[in-house]
Each structure stands twice: as C-alpha cells, then as structure tokens.
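Numbering (our numbering), first residue to last: 1152 to 1687.
So, in structure tokens, the structure goes:
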C-alpha cells in the first residue's frame, strides 16, 4: 500500500503530464504483478463493488475519535471529500508498522462484502490503525470511489508501454472487454491468447478532435467524407461465437439495456463488429429515420428492466458508420472507403429498420459544406464529422484524419445563486455553481456547471463566495446574486423534474461576464423561446 499511496500522492501533487507519466512508469517498473493488475483495473473504471457504505465509515470514524456528528459534518463540508476528511481526523491514530501490498487490501474488502457489520467494522478500524495518513486516504478511496487525480486511461497505457514490449494501441485493446482483476494475472491480461478468448472484447474507439482551423487547410475536399454528428451514445455492436454484445465508448457492456438489438444476433454474420451511435430513432416510411432527444435515451440507461411502455416511448436504433471486423478479420487498417463499402453491404443484407447506415453529406466545395453545417440542428444533429477517405481506424484521440465540427453552442446569460466545493484538487474551493434566470422579480434556478473557468477565475469566485455567502445548507452556500456568467449548452429539452421546466445538454461556463450586472441577465421566457426553437 505504501508504494501505491506514494504514487497517488505524486499524481495528486502535479499538473504536468510528463511528471504523471514518469510516476506511473516508475510504479509499473517495480510493482508486483498483482498490484499492477489492480491499478489497471482502478484507473480503467473497474473498481470492485463497494463493501462498506459511506455512512458506516463516517460512524466508525466518529466513534473511534469520540467526535460529535455536527463537528464531523463541519469538517467534511470544509474539506469536501469524505476519504480525505477521515484521513485528516485519524492522522494521529497510526500505531503500527505493518503494511500489506495493495492487492491484499482490495481482495480483503471484496471478501468481507457479505460479512456482518461487526466483521467489516473490525477490519476497517484495524486497517486505519496500521496505515499512515496518506495510506488511510488511499484506503478510504478504494472504498468510496474513484481517484480524481487527472490520470486518463491513455496516460496509464502509455506508462505501461514504457515498461513492456507492447505498443500503446495493443495494450489499449487487450485491457478492454470483460475481465476481473481478482482472477486475472498481469501476463494473461496483456497476452495475445487472452485477447482471442474473450468473444465480447471491443476495439478501442477512434476519437476525433474538434476542428480548430479553416476548412481550406484540410486540402482537397474530394479527399474527405462528411457525415452528420449524431447526439447519442457511441457504441459497438459485436457478433462473435453466435453471441451479440453491445459496448459503449465508456467500456460498459450494455447488451441487456437494448433488447431491440437482439434481432441482429440472427441477422449479422459471426465475426462482425460495427461502430456507430446508440440512439433513439423514429422510423419513417421508406426506411428513413429521425433522431429523437437524448433525454429519451437517458430514461433507458439507468434501468435494469425495460418495460413495454419504455420500449414503445423510447425506441432505440443503431446508426452505423464504420465496420471494424468483417468475417472474423480485423480490418481497421483498411482505408475508410473500403470499410464503408463493406458497411453498406452489411446494412443492405441485414435490411432491418433499427440498423441504419449513417448517410453521407454530399458537397462540391468547402463553402457548400459550411452552409450545410450551419443547418445541422435542422437535421437533429450536433454538427458534422469529417473523415479522410483513405484513413485507417486508429486508437484513441488522434489529429489529422478525423475531425468533429460542431455547431456553435446555445448560450444564455445567468447569475450564480448557489455554490458548493469541488472534488480532488479543487476540494478546498467553491467551484460547483447553480445558475438562475429572471422571471419577473424572481430568480429561477435552471442549471448547474463546474467547468469553463481558469484556475485564477475559480480562485476569484471562491473568494467572492466566502465573502458573500448568505445561507448555508450543508455543503451548499447561497450567495448574493451578483456574478453573471454566460452558460453554453448543446441542447435543450422540456423537463417536468426541473423548476424552470427545461433541462440542458452539456451545460458549462463559457465566460465570466464581468461587464454585466445581475439585472441584465436573460429571462425564463428567453429560455422557453430557445426551447421552442431548438428543443426536441
């Protein structure tokens, strides 16, 4: 645990990618194989099921140091992170030099998951007594949730590549799919044999960067393919060994969430992997389709069982725009034109309305395409995808061959009315805000946002909150409605769950409007007009 705690401390204390890469590489170079597997699992979203609740941790901590609940809550609200709060409060409890490796603590937590509360409490208290403050923090994080330390899976993979004989793209593929760190060895995880055994294993997604230059800089328009950028969930449909698997871009196996796709297990050939968009579709005559609001898809994502009513109200289809495996062969290195031709043959052979081919946008020159891009919302799209016709299917986010060209976001000017402390390195700053628009003499909250400002601006807003807080509701502070911000968002939909009557898609702070006063912000009527014009 000591080595892993040191790694977390190094990752937390630096904002430089190079420093984080070195820290990870150094760790992988000396860690045991079991610990390596668990670190890969933790940093790729494969945390074990929680064995102890947050309430139990708080209760046992208060009992061990004889602290009143109100005082603990004050400490928690000040720190902003439960794992760190407990570690700070127990900083003087360390009275043992015994220290086990990382995998010992994780596997013990897994083993006590179904034990009595007394057994769990005894193990937690015993561990707290054995660990230093930094180690207690890490131990608590293993229980409460993810490490907010700015480490992407790509960074972890690059560090692994430095200590193995494998390329980053090969590692990314081999650590994808279904595997359990509790029964997977490091050698097996990265072996080619393991890669061939798991029929469900998806390919790493190829991601596009936002277009940041002029269209003419891309060169000859005849070298490019254009498609609409759909507002759904990026996914892969896999048919292997007579089984169908559906994966999201976030590497979540979602097969059971979309029973509509089961028909494809009979219609697709074995050894087929399609890349595309999981999206709610309204199917029209002539095998055409109309994308439905993302909010409808959200109603399906969190449910274990989908009712007939939900299937009817939120019909899910798949818009395919690439084929990665054909007849059992990995064809990612073939040019896009060849893959597109095969994809068209597959869609035509399946001939099912729930499986749609992403239509190409025909254009004669860049000016003509730019005009079409401005009308993307009329096609229920977020913008345009540009792909070089001779491009291979790469791994991760790359520049040069694939670009996303989104329409300008919708914006509204609003005033901040609530603030809450952030997480991770921002746990001591008020960085999570709630915004409101005017409705006559009232202010109506309509969205939250916690990104878009610089570190300097966050520090300035934090100082304002601490000086101008009016009321306190747990970790939330009501503040004087004086700071105006321009809020950007990708879409807007009607919502009965929100007081404003609207829900925003991907809200974030575009800029701090220090040139505006609170009485100059937009109104609820302005929001409703945006809903009428752009809502779905």
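We put the beta carbon where it would ideally sit given N, CA and C, even for glycine.
Which residue or residues does DSSP assign as beta-bridge partners of residue i?
i: residue 1431; result: 1467
i: residue 1259; result: Its beta-bridge partners do not exist; DSSP assigns none.
i: residue 1586; result: 1567 and 1598
i: residue 1664; result: DSSP output for residue 1664 lists no bridge partner at all.
i: residue 1642; result: 1656
i: residue 1442; result: 1432
i: residue 1627; result: 1571 and 1624
i: residue 1152; result: DSSP output for residue 1152 lists no bridge partner at all.
i: residue 1535; result: 1379 and 1556
i: residue 1360; result: 1554
i: residue 1636; result: 1565 and 1663
i: residue 1426; result: 1387 and 1473
i: residue 1548; result: 1358
i: residue 1581; result: 1572
i: residue 1674; result: 1589
Are there 16 or more other CB atoms within 10 angstroms of the CB of residue i, so buried, or fewer, so exposed?
i: residue 1548; result: exposed
i: residue 1181; result: exposed
i: residue 1583; result: buried
i: residue 1598; result: buried
i: residue 1511; result: exposed
i: residue 1492; result: exposed
i: residue 1222; result: exposed
i: residue 1580; result: buried
i: residue 1291; result: buried
i: residue 1479; result: exposed
i: residue 1254; result: buried
i: residue 1393; result: exposed
i: residue 1496; result: exposed
i: residue 1095; result: Since the first residue shown for the chain is 1152 and the last is 1687, residue 1095 is missing from the structure and cannot be characterised.
i: residue 1186; result: buried
i: residue 1324; result: buried
i: residue 1289; result: buried
i: residue 1403; result: exposed
i: residue 1526; result: exposed
i: residue 1220; result: exposed
i: residue 1483; result: buried
i: residue 1184; result: exposed
i: residue 1450; result: exposed
i: residue 1589; result: buried
i: residue 1270; result: exposed
i: residue 1673; result: buried
i: residue 1564; result: buried
i: residue 1413; result: exposed
Is the CB-CB distance between residue i and residue j below 9 Å?
i: residue 1426; j: residue 1360; result: no
i: residue 1250; j: residue 1281; result: yes
i: residue 1314; j: residue 1179; result: yes
i: residue 1203; j: residue 1159; result: no
i: residue 1605; j: residue 1541; result: no
i: residue 1415; j: residue 1503; result: yes
i: residue 1594; j: residue 1681; result: no
i: residue 1555; j: residue 1534; result: yes
i: residue 1302; j: residue 1171; result: yes
i: residue 1632; j: residue 1567; result: yes
i: residue 1665; j: residue 1616; result: no
i: residue 1440; j: residue 1400; result: no
i: residue 1474; j: residue 1418; result: no
i: residue 1471; j: residue 1498; result: yes
i: residue 1559; j: residue 1603; result: no
i: residue 1383; j: residue 1337; result: no
i: residue 1689; j: residue 1376; result: Since the first residue of the chain shown is 1152 and the last is 1687, residue 1689 is not available in this structure.
i: residue 1258; j: residue 1312; result: no
i: residue 1326; j: residue 1351; result: no
i: residue 1644; j: residue 1570; result: no
i: residue 1509; j: residue 1428; result: yes
i: residue 1507; j: residue 1443; result: no
i: residue 1236; j: residue 1156; result: no
i: residue 1578; j: residue 1231; result: yes
Give a single yes or no on whether residue i has its beta carbon closer than 8 Å to a heavy atom of the ligand PLP.
i: residue 1502; result: In the structure on display, the ligand PLP does not appear, and there are no ligands present to speak of.
* When the Cβ atoms of the stretch 1648-1660 are set against those of the stretch 1539-1558, are three or more pairs found closer than 8 Å? -> no
* Asked: Mind pulling the alpha helix (DSSP H) runs of 4 or more residues that sit fully within the stretch 1379-1406?
  -> none
* Looking at C-beta atoms only, is the number of pairs between the stretch 1263-1270 and the stretch 1183-1197 that lie closer than 8 Å three or more? -> no
* Asked: Counting only runs that start and end within the stretch 1461-1520, where is the alpha helix (DSSP H) found for 4 or more residues in a row?
  -> Within the stretch 1461-1520, complete alpha helix (DSSP H) segments of at least 4 residues are found at 1487-1501, given in chain order.
* For the stretch 1294-1331, list the alpha helix (DSSP H) runs that are entirely contained and at least 4 residues long, ordered along the chain. => As far as the stretch 1294-1331 is concerned, its whole alpha helix (DSSP H) runs of at least 4 residues are 1304-1314 and 1319-1325.
* **Given 8 Å, three or more beta-carbon pairs between the stretch 1403-1420 and the stretch 1440-1455** => yes
* Is the stretch 1204-1214 touching the stretch 1358-1375 in the sense that three or more CB pairs, one from each, lie closer than 8 Å? -> no
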